[in-house]
Ligand code: FES
């Protein structure tokens, strides 16, 4: 496991996901209802960035390419054309910075 700092707490806005690369893995960070969530950034349909998608409710991001929806709490695909999970990662704030834990 590796714990990596990916940004400052103040940089994150509700409804505005951002993409980071951690140990070669693209991850999308979300703030929803005051909580941080981190899921794999790669849409499991055709590998588009989920951080470029649009939030359709507090916990659902819609891929900008073909409209598949994912639960940002779990990374699970909620609608076609994606079916697989994008995966999720532990994320938290420590001393004002955002930390994500990934497998090495
Ligand atoms: S690439 Fe995301 S729905 Fe097709």
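Numbering (this note's numbering), first residue to last: 41 to 144.
All C-beta atoms in this analysis are idealised placements derived from N, C-alpha and C, irrespective of residue type, glycine included.
Asked, Found
"What span of residues does the beta strand (DSSP E) with residue 68 cover, start to end?", "65-72"
"For residue 135 and residue 76, I'd like the C-alpha separation in whole angstroms.", "15 Å"
"How should residue 98 be labelled, buried or exposed, when 16 other C-beta atoms within 10 angstroms of its C-beta is the threshold for buried?", "exposed"
"Relative to the ligand FES, is the shortest distance from any of its heavy atoms to the C-beta of residue 91 smaller than 8 Å?", "no"
"Is any heavy atom of the ligand FES found at a distance shorter than 8 Å from the C-beta of residue 105?", "yes"
"Which same chain residues end up closer than 6 Å to residue 78 when comparing Cβ atoms and leaving out the 5 residues on each side of it in sequence?", "67, 69, 129, 131, 140"
"I think residue 110 touches residue 90, with their Cβ atoms under 8 Å apart; what is that distance to the nearest whole Å?", "6 Å"
"Taking CB distances under 9 Å as the criterion, tell me whether residue 66 reaches chain D.", "Of the chains in the structure shown, none is chain D; there is only one protein chain."
"Of the residues 63, 121, 43, 73, which one's Cα is nearest the Cα of residue 56?", "73"
"State the CB to CB distance for the pair residue 49 and residue 138, rounded to an integer number of angstroms; the pair is presumed to be in contact (CB under 8 Å).", "6 Å"
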